[in-house]
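All residue numbers for the sequence shown refer to our numbering, where the first residue is 25 and numbers rise by one. Cβ coordinates follow ideal geometry from the N, Cα and C atoms, glycine included. None of these values were measured; they are calculated from a predicted model. The structure under discussion appears below in the form of structure tokens.
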Amino acid sequence: MPKFDKHFRMTESDAIEYARNRLPGFKGSNDLSCKEIGDGNINYIFRIEDLITGHSVVIKHADERTRSSGRPLDTDRNRIEAEILRLEREYAPGLVPEIYDYDPVMRCLVMEDLSDHRILRQELLAHRTFPRLAEDVSDFIVSTTLPTLDVVLHPSRKKELVQRYSNPQLCDITERLVYTNPYTNAAGDNKVFPPNLEFVKKELYENSELHLEVAKLKYGFMNNSQALIHGDLHSGSIFVKPNSTKVIDPEFAFFGPIGYDLGNVIGNLCFAWANAFATMESGQERDCYIAWVETTIRDLVDLFQKKFLERFPAVVTDRMASTDGYLEWFLTGILEDAAGTAGLEMIRRTVGVAQVKDLTSIEDSEARIFAERLVIMAGKSFILLRKDFRKSLFIVSTLNEVLSQMRI
Ligand code: ADP
Ligand code: MG
Numbered sequence: 025m026p027k028f029d030k031h032f033r034m035t036e037s038d039a040i041e042y043a044r045n046r047l048p049g050f051k052g053s054n055d056l057s058c059k060e061i062g063d064g065n066i067n068y069i070f071r072i073e074d075l076i077t078g079h080s081v082v083i084k085h086a087d088e089r090t091r092s093s094g095r096p097l098d099t100d101r102n103r104i105e106a107e108i109l110r111l112e113r114e115y116a117p118g119l120v121p122e123i124y125d126y127d128p129v130m131r132c133l134v135m136e137d138l139s140d141h142r143i144l145r146q147e148l149l150a151h152r153t154f155p156r157l158a159e160d161v162s163d164f165i166v167s168t169t170l171p172t173l174d175v176v177l178h179p180s181r182k183k184e185l186v187q188r189y190s191n192p193q194l195c196d197i198t199e200r201l202v203y204t205n206p207y208t209n210a211a212g213d214n215k216v217f218p219p220n221l222e223f224v225k226k227e228l229y230e231n232s233e234l235h236l237e238v239a240k241l242k243y244g245f246m247n248n249s250q251a252l253i254h255g256d257l258h259s260g261s262i263f264v265k266p267n268s269t270k271v272i273d274p275e276f277a278f279f280g281p282i283g284y285d286l287g288n289v290i291g292n293l294c295f296a297w298a299n300a301f302a303t304m305e306s307g308q309e310r311d312c313y314i315a316w317v318e319t320t321i322r323d324l325v326d327l328f329q330k331k332f333l334e335r336f337p338a339v340v341t342d343r344m345a346s347t348d349g350y351l352e353w354f355l356t357g358i359l360e361d362a363a364g365t366a367g368l369e370m371i372r373r374t375v376g377v378a379q380v381k382d383l384t385s386i387e388d389s390e391a392r393i394f395a396e397r398l399v400i401m402a403g404k405s406f407i408l409l410r411k412d413f414r415k416s417l418f419i420v421s422t423l424n425e426v427l428s429q430m431r432i
């Protein structure tokens, strides 16, 4: 049987052979180089380059086991990612990579090489700023979610899509890692920074008021098939260069609450904010960087609302949804979910199994203790006070309030 007719986990040399045999741009070429450049937990990412022509692509390859933990995970995630990227590119051209090919046997997604971009999280760690970020990310979220609302899509098409992208295994990961384990240590794999153990126990594990609100948000995540969402829109899923933004890695996509995407971005910008306080010397450079992060959070929310309000009337098909006040009510619900999600993301990435470099790379132990407590307390406030999120200022003012309380 020819080599690529049955799925197996490819190595770099298999990927070269694959490209030479299967991909039109590389057929027969003898000067291909390949490097596995994945830094995520789940898949293998091969960058293939023809050293003579300079032509390059990226192959995202899914194995039956995840890259970091080796746990089994349905390779159908790769099909979902390929289809969603194509859909997203239709809805938000220019903001996602181009897909050249999808191979359902080898679970290979062949896409545009974005090596001229950088992962946003790395750039934020270097305290670099990106003036287009709020504009582009708000555009991505509105453009990809608005067309998939029940009040926009034909009802039977909507139900068909909800079924097609129900994504049970990846949703199960989110339900455990975001909505359960950080508050219970149910799986015993929370990674709490040891000096913060007592703090986490008191503030997260033993707080029934917080548990109730998280439980309500979890129910919303499981039951609100509002729109097609990316499902994992953290700063590691956003590629940037000064004049371009690309969103990658939608394998967690499913029909869920729009606020989950918006809140995820906000939560990750809050990590950048906390990292700056913990690692930058006080002075003008830090003030400028923090001002940019705060403005970006506010612009993201303002632009999201503005674009949603502007574009909704042109696409809504449901007559009742055109009633005065409906759209405002709808947006209020999204903001509430977004504040809740930002808080959940901040907490789970601080104490849960999948952590972020924004915190773990803080070398000074006292600074890390402080930054983690700040993030946890702000995250709690976002969850508990989420109904107050009406204006973009809410996030930034809550962050600063928590900061000043902790400094007393
Ligand atoms: P995972 O599903 O394992 O999280 P990602 O899609 O997040 O994988 O990709 C992991 C890494 O691979 C990214 O952080 C990025 O460095 C690199 N990568 C992914 N897609 C591309 C691409 N199209 N072009 C260049 N590099 C990419
Ligand atoms: Mg990833």
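Once DSSP output is grouped into helix, strand and coil, what is the label at residue i?
| i | result |
| --- | --- |
| residue 217 | coil |
| residue 380 | coil |
| residue 230 | coil |
| residue 274 | coil |
| residue 422 | helix |
| residue 59 | strand |
| residue 136 | strand |
| residue 395 | helix |
| residue 96 | strand |
| residue 127 | strand |
| residue 32 | coil |
| residue 106 | helix |
| residue 279 | strand |
| residue 208 | helix |
| residue 122 | coil |
| residue 428 | helix |
| residue 358 | helix |
| residue 84 | strand |
| residue 74 | strand |
| residue 50 | helix |
| residue 189 | coil |
| residue 435 | The question about residue 435 has no answer, for the chain in this structure spans 25 to 432. |
| residue 264 | strand |
| residue 89 | strand |
| residue 319 | helix |
| residue 313 | helix |
| residue 374 | helix |
Below 8 Å on the Cβ atoms is my contact criterion, and I expect residue i with residue j to pass it. Report the Cβ-Cβ distance as a whole number of Å.
| i | j | result |
| --- | --- | --- |
| residue 380 | residue 271 | Incorrect: roughly 18 Å between the Cβ atoms, too far for contact. |
| residue 59 | residue 140 | At roughly 16 Å, the Cβ-Cβ gap does not stay under 8 Å, so residue 59 and residue 140 are not in contact. |
| residue 42 | residue 28 | 6 Å |
| residue 286 | residue 358 | 7 Å |
| residue 316 | residue 172 | Their Cβ separation, rounded to whole angstroms, is 32 Å, which puts residue 316 and residue 172 out of contact at 8 Å. |
| residue 361 | residue 283 | 3 Å |
| residue 398 | residue 427 | 6 Å |
| residue 364 | residue 410 | 5 Å |
| residue 44 | residue 57 | 12 Å between Cβ atoms; not a contact. |
| residue 419 | residue 366 | 7 Å |
| residue 386 | residue 277 | Not really, about 32 Å apart at Cβ, beyond 8 Å. |
| residue 47 | residue 81 | 7 Å |
Quick one: residues in its chain with C-beta nearer than 6 Å to the C-beta of residue i, no 5 flanking neighbours on either side, listed in chain order?
| i | result |
| --- | --- |
| residue 369 | 288, 291 |
| residue 423 | 402 |
| residue 224 | 216, 375 |
| residue 182 | 174 |
| residue 241 | 364 |
| residue 186 | 249, 279 |
| residue 40 | 56, 58 |
Less than 7 Å between C-beta atoms, sequence neighbours within five positions excluded: which residues of the same chain meet that for residue i?
| i | result |
| --- | --- |
| residue 304 | 151, 310, 313 |
| residue 204 | 210 |
| residue 340 | 175, 176, 346 |
| residue 259 | 144, 145, 148, 292 |
| residue 98 | 193 |
| residue 201 | 372, 376, 377, 378 |
| residue 95 | 89 |
Excluding the five sequence neighbours on either side, which residues of its own chain have a C-beta within less than 8 Å of the C-beta of residue i, listed in chain order?
| i | result |
| --- | --- |
| residue 335 | 166, 170 |
| residue 30 | 129 |
Kindly provide the chain-ordered list of residues whose Cβ lies closer than 5 Å to any non-hydrogen atom of ligand 2.
-> 64, 273
Decide if the segment 162-180 is in contact with the segment 296-306; the criterion is three or more beta carbon pairs, one per stretch, under 8 Å apart.
-> no
Assess, as a yes-or-no matter, whether the segment 342-350 is touched by the segment 396-408 under the definition of 3 or more beta carbon pairs within less than 8 Å.
-> no
Do the segment 203-211 and the segment 372-381 touch if we need at least three Cβ pairs shorter than 8 Å?
-> yes
Would you be able to state if there are at least three C-beta pairs under 8 Å between the segment 137-152 and the segment 236-243?
-> no
Kindly confirm or deny that the segment 153-166 and the segment 238-250 touch, where touching means at least three C-beta pairs closer than 8 Å.
-> no
Stretch pair the segment 124-137 + the segment 84-103: three plus CB contacts closer than 8 Å = yes
Check whether the segment 72-79 touches the segment 102-115, counting contact only when three or more Cβ pairs, one atom from each stretch, lie closer than 8 Å.
-> no
Are the segment 317-328 and the segment 155-163 in contact at 8 Å, needing three or more beta carbon pairs?
-> yes
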